[in-house]
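Enquirer: Which chain is which? The protein sequence lines are L and B, in order. By my numbering, the letter at position 252 of the first sequence is numbered 252, and the numbering carries on one by one without gaps. Take any residue in the second sequence, note its place counting from 1, add 332, and you have its number in my numbering. Have a look at the structure that comes next, please.
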Amino acid sequence: MAGMPGEPAIDVAGITKRFGRLTALDGIDFRVAPASVFGLLGPNGAGKTTLVRILTTLLRPDAGRAAVLGHDIVRNGGEVRRLIGLAGQNAAVDVNLTGRENLRLIGRLCQLPRATFRRRADELLERFALTEARARPVREYSGGMRKRLDVAAALMSRPPVLFLDEPTTGLDLTSRNVLWTLIRDLVDEGATVVLTTQYLEEADRLADRIAVLDRGRLIAEDTPVALKAALGATVIEVETDDEAQAARTVELLSRTPGWHAAQEGVLVRASANDGARLLLDTVHVLDSQAISPRGLRVHAPTLDDAFLRLTGSAPETAEQRDAGQDAAGQVA
Amino acid sequence: MSSLGVGVGHPAGRGTAGVLAAVGGASRDVAAVTWRNLVVLRRVPRLLIFSTIQPLVFVMMFRYVFGGVAANSVPGVPYVDYLMPGVFVQVAVFGAMSTAIGLATDVQTGLLDRFRSLPMTRLAMLAGRTVADLLRNVFVVSLMVLVGFAIGFRIHSGVAVFVGGTALVLAFGFAMAWVFAVVGLAVGDPETAQAAAFPVLVPLVFASAAFIPVHTMPGWLQPFANNQPVSATAMAVRATVLGGPTATYVWQSLAWDVAIIAVAAPLGAYLYHRAGQR
Chain L
1 MAGMPGEPAI
11 DVAGITKRFG
21 RLTALDGIDF
31 RVAPASVFGL
41 LGPNGAGKTT
51 LVRILTTLLR
61 PDAGRAAVLG
71 HDIVRNGGEV
81 RRLIGLAGQN
91 AAVDVNLTGR
101 ENLRLIGRLC
111 QLPRATFRRR
121 ADELLERFAL
131 TEARARPVRE
141 YSGGMRKRLD
151 VAAALMSRPP
161 VLFLDEPTTG
171 LDLTSRNVLW
181 TLIRDLVDEG
191 ATVVLTTQYL
201 EEADRLADRI
211 AVLDRGRLIA
221 EDTPVALKAA
231 LGATVIEVET
241 DDEAQAARTV
251 ELLSRTPGWH
261 AAQEGVLVRA
271 SANDGARLLL
281 DTVHVLDSQA
291 ISPRGLRVHA
301 PTLDDAFLRL
311 TGSAPETAEQ
321 RDAGQDAAGQ
331 VA
Chain B
333 MSSLGVGVGH
343 PAGRGTAGVL
353 AAVGGASRDV
363 AAVTWRNLVV
373 LRRVPRLLIF
383 STIQPLVFVM
393 MFRYVFGGVA
403 ANSVPGVPYV
413 DYLMPGVFVQ
423 VAVFGAMSTA
433 IGLATDVQTG
443 LLDRFRSLPM
453 TRLAMLAGRT
463 VADLLRNVFV
473 VSLMVLVGFA
483 IGFRIHSGVA
493 VFVGGTALVL
503 AFGFAMAWVF
513 AVVGLAVGDP
523 ETAQAAAFPV
533 LVPLVFASAA
543 FIPVHTMPGW
553 LQPFANNQPV
563 SATAMAVRAT
573 VLGGPTATYV
583 WQSLAWDVAI
593 IAVAAPLGAY
603 LYHRAGQR
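Written out as structure tokens, the structure reads:
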């Protein structure tokens with residue numbers, strides 16, 4: 001099993017990496033519990049990939065230390081490589097080999113017995129819906145198929161610790177769902193998974209804990225629920241009959257400290273961290289002014305909001321969100 | 333997948349058994365990577381076809397275009413017999429360019445990172461590349477020997493001596509593959525690798541005794557042409573073709589091979605270890 005109870009599967013302390021004058025990682029600390037998913041969230045250039053490359057022994061840190069299942073990543077890199085699987089950002093598969101040959105090659109290089117790696121390659125091809133394409137050279141695969149094969153390759157040695165660097169970027173919805181289910185299954189079986197992502201939804205759904213990276217610094221680390229509660233605001237939208245009503249509502253709501261309200265034509269947007277009280281207050285204000293709203297919508301906090309608050313910039317996928325959530329994000 | 337379990341890697345044994353297991357593991361790794369590099373030649377045959385067409389063009393050019401002029405500078409020997417050993421060396425050396433291109437491609441596609449994250453022998457990626465290119469050279473050099481015979485090339489010594497000569501060609505090609513493995517790792521993209529290899533290879537091959545006797549070259553060039561590995565190997569192979577004493581040339585050529593690998597292999601291992609540490 002992956003680690004003893006109480007002992008972290010991954011222990012990162014003060015990891016720092018500089019590229020010339022750029023500080024890519026600035027004293028990163030965190031611990032990952034065994035059999036859990038740890039999400040590394042951050043915009044492009046935040047240092048996610050650099051951190052994964054350090055933890056997978058591909059890159060040496062300039063300062064700090066880190067251990068995977070108790071093995072130091074610098075002093076005991078060989079042991080660490082025996083315990084990890086890595087699926088990097090671009091699909092690192094040989095396009096001239098077939099899907100099955102790729103997996104068997106990895107199995108061979110992980111020193112698995114022939115019968116074992118052959119069986120396991122077939123199992124993984126099946127699980128990643130690549131059985132039909134198994135005998136075709138990978139250069140004929142679609143981007144999504146390559147990505148799936150890449151993750152399958154990382155699983156060949158059944159590593160107790162798995163690093164997935166943006167595993168679902170470029171995947172279609174079906175493949176993404178397959179992979180999400182698979183990651184949860186692996187964790188149920190005892191694996192520890194570190195995944196980087198730009199999809200907040202992905203971190204929200206998969207991760208037990210999320211670390212938010214911004215320009216090389218860890219600016220938050222908590223459970224998705226706690227991050228949303230602490231940082232994400234509830235947004236309430238009220239549609240009134242005329243602009244005068246809207247203006248009056250904004251004025252009354254703005255009297256309460258911590259409540260933010262803004263008017264947009266006949267629309268009022270109010271936001272606050274305490275969503276329940278904001279809702280009661282809004283209803284109270286509307287009632288006292290005898291305004292019967294034409295519509296009222298409540299947006300529960302999303303990780304988008306949390307992310308926005310933390311990093312001060314919209315996440316990359318913001319434009320893909322639906323308009324309502326986008327609006328909520330802007331007000332927050 | 334039924335249960336997960338802990339990943340299996342090299343058995344971490346100690347003592348003689350441990351060493352044997354490590355050597356066994358290493359050769360398995362090299363064999364696996366070699367196989368992977370050779371599969372490409374079967375899947376994309378044009379790679380092999382074009383790497384044979386180019387030396388064919390050179391043979392035809394030197395035999396029939398420059399042959400008439402060059403023949404005057406090697407009296408007493410049919411020029412084709414003088415030429416072919418040089419062609420064999422040139423073929424093997426130019427083949428090393430694909431070592432650079434192949435490794436640079438692996439760096440670029442991220443495949444090198446994947447291999448570096450595996451519990452495999454760390455030198456296997458480079459050794460598997462150079463061994464694959466050695467095997468490809470066996471094919472290409474054999475083909476050139478046949479082409480030589482077809483255009484009038486004859487051995488004046490014995491067959492066994494000549495086979496020894498071609499082994500020297502292959503050994504030198506292997507040594508150069510290590511040099512260009514370093515180039516490929518260092519530049520990290522195939523276009524640059526090709527561009528970087530060409531200006532090194534051309535003077536090495538043409539400012540040498542491969543095609544033309546060194547004494548016909550200008551004085552300032554002769555010291556270089558006389559004391560470089562392509563000349564040493566070409567003269568050694570030529571000695572095994574034309575007959576007569578071979579020992580000095582053979583030892584010189586082998587010494588170059590050993591020296592080149594002794595420098596390039598550790599350098600390659602170092603670059604592999606720190607690949608991507610920009």
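Don't be surprised by glycine CBs; every beta carbon is placed ideally from N, CA and C. Since the model is a prediction, treat every value here as computed from it, not as a measurement.
Label T366(B) either buried or exposed according to how many other C-beta atoms from any shown protein chain fall within 10 Å of its C-beta, with 16 as the threshold for buried.
Expert: Classification of T366(B): buried, given that the 10 Å Cβ count is 16 or more.
Enquirer: With a threshold of 16 other CB atoms inside 10 Å of the CB of H299(L), please say whether the residue is buried or exposed.
Expert: Its Cβ being crowded by 16 or more others within 10 Å, H299(L) is buried.
Enquirer: Using a Cβ-Cβ distance under 8 Å, would F128(L) count as near chain B?
Expert: Output row for F128(L): interface = no.
Enquirer: Can a CB atom of chain B be found closer than 8 Å to the CB of D222(L)?
Expert: No, its Cβ sits nowhere closer than 8 Å to a Cβ of chain B.
Enquirer: How would you label D281(L), buried or exposed, when you count the other beta carbons within 10 angstroms and need 16 or more for buried?
Expert: Buried, because 16 or more other Cβ atoms sit within 10 Å of the Cβ of D281(L).
Enquirer: Please report the straight-line C-alpha distance between A428(B) and V212(L), rounded to a whole angstrom.
Expert: So the two alpha carbons sit approximately 46 Å from each other.
Enquirer: What residues match up with G85(L) in a beta bridge as DSSP calls it?
Expert: According to DSSP, G85(L) bridges with L162(L).
Enquirer: Leaving aside the five residues before and after G369(B) along the sequence, list all residues of the same chain whose C-beta is less than 7 Å from its C-beta, in chain order.
Expert: Looking at the sequence itself, residue 369(B) is Asn, so the reference to Gly does not match. Closer than 7 Å at Cβ, skipping near neighbours: G434, G460, R461 and A464.
Enquirer: Looking only at its chain, what residues have a beta carbon closer than 6 Å to the beta carbon of G77(L), apart from the 5 residues adjacent to it on each side?
Expert: Excluding positions up to five away in sequence, the list reads T57.
Enquirer: Quick check on D122(L): does DSSP put it in helix, strand or coil?
Expert: The answer is helix: DSSP assigns D122(L) an H, G or I state.
Enquirer: Quickly, what does DSSP pair E221(L) with across the bridge? List them, please.
Expert: According to DSSP, E221(L) bridges with A211(L).
Enquirer: Let me know if R176(L) comes out buried or exposed under the rule of 16 or more other beta-carbons within 10 Å of its beta-carbon.
Expert: It counts as buried.
Enquirer: Use the C-beta contact count for M452(B): other C-beta atoms within 10 angstroms, 16 or more gives buried, fewer gives exposed.
Expert: Answer is buried; the Cβ neighbour count reaches 16.
Enquirer: Determine the contact status of S271(L) and T223(L), defining contact as a CB-CB distance below 8 Å.
Expert: It is not a contact, given that the beta carbons lie outside the stated cut-off.
Enquirer: Could you check whether the Cβ of P137(L) sits closer than 8 Å to any Cβ belonging to chain B?
Expert: Cβ-Cβ to chain B under 8 Å: yes for P137(L).
Enquirer: Run down chain L in chain order and give the residues with a C-beta less than 7 Å from the C-beta of V372(B).
Expert: Correct list: N96.
Enquirer: For G496(B), which of T437(B), T578(B), Y604(B) and V425(B) has the nearest alpha-carbon?
Expert: It is T578(B).
Enquirer: Which whole-angstrom value describes the C-beta separation of A539(B) and F512(B), a residue pair presumed to lie in contact below a C-beta threshold of 8 Å?
Expert: Actually they do not touch by this definition, with Cβ atoms about 18 Å apart.
Enquirer: Can you tell me whether L22(L) is buried or exposed? The criterion is at least 16 other CB atoms within 10 Å of its CB, across all chains shown.
Expert: Answer is exposed; the Cβ neighbour count stays below 16.
Enquirer: Can you give the Cα-Cα distance for A564(B) and A154(L), rounded to whole angstroms?
Expert: Each residue's Cα considered, the two are about 47 Å apart.
Enquirer: Taking 8 Å as the cut-off, does the stretch 122-140 of chain L touch the stretch 160-171 of chain L (at least 3 CB pairs, one atom from each stretch)?
Expert: Because the criterion of three Cβ pairs below 8 Å is not met, the stretch 160-171 of chain L and the stretch 122-140 of chain L do not touch.
Enquirer: Is the beta carbon of M567(B) sitting closer than 8 Å to the one on A557(B)?
Expert: In this structure, A557(B) does not lie closer than 8 Å to M567(B) by Cβ.
Enquirer: How would you list, in chain order, the residues of chain B whose beta-carbon sits under 7 Å from the beta-carbon of I84(L)?
Expert: S449, listed in chain order.
Enquirer: Considering only residues of the same chain and omitting the five flanking positions on each side of Y411(B), which have a CB-CB separation below 7 Å?
Expert: Once the five neighbours on either side are set aside, the close Cβ partners of Y411(B) are G399, A402 and A403.
Enquirer: Looking at the C-beta of R368(B), does it have a partner C-beta in chain L at a distance below 8 Å?
Expert: Yes, its Cβ sits closer than 8 Å to a Cβ of chain L.
Enquirer: So that I know if they touch, is there some Cβ in chain L lying closer than 8 Å to that of M429(B)?
Expert: Chain L contact via Cβ: absent.
Enquirer: Which residues mark the beginning and the end of the alpha helix (DSSP H) in which G575(B) is found?
Expert: G575(B) -> no alpha helix (DSSP H), and no H or E assigned at all.
Enquirer: Per DSSP, what kind of secondary structure is V371(B) in: helix, strand or coil?
Expert: Three-state DSSP puts V371(B) in a helix.
Enquirer: Report back the beta-carbon spacing between F128(L) and L149(L) to the nearest angstrom; my notes put them in contact at under 8 Å.
Expert: About 7 Å; that satisfies the 8 Å criterion.
Enquirer: Could you give the DSSP three-state label for D465(B): helix, strand or coil?
Expert: Note: D465(B) maps to helix in three-state DSSP.
Enquirer: Please check if any C-beta of chain B sits within less than 8 Å of the C-beta of G388(L).
Expert: Missing from the structure shown is residue 388(L); chain L here goes from 1 to 332 and no further.
Enquirer: May I ask you to report which of helix, strand or coil DSSP gives H284(L)?
Expert: In the structure shown, H284(L) sits in a helix (DSSP, three-state: H, G or I).
Enquirer: For Q263(L), which beta-bridge partners are listed by DSSP?
Expert: Its beta-bridge partners are V268(L).
Enquirer: Between which two residues does the alpha helix (DSSP H) holding G399(B) run?
Expert: That run of the alpha helix (DSSP H) goes G399 to A403.
Enquirer: Checking contacts by CB at 8 Å: is Y604(B) closer than that to chain L?
Expert: Not an interface residue.
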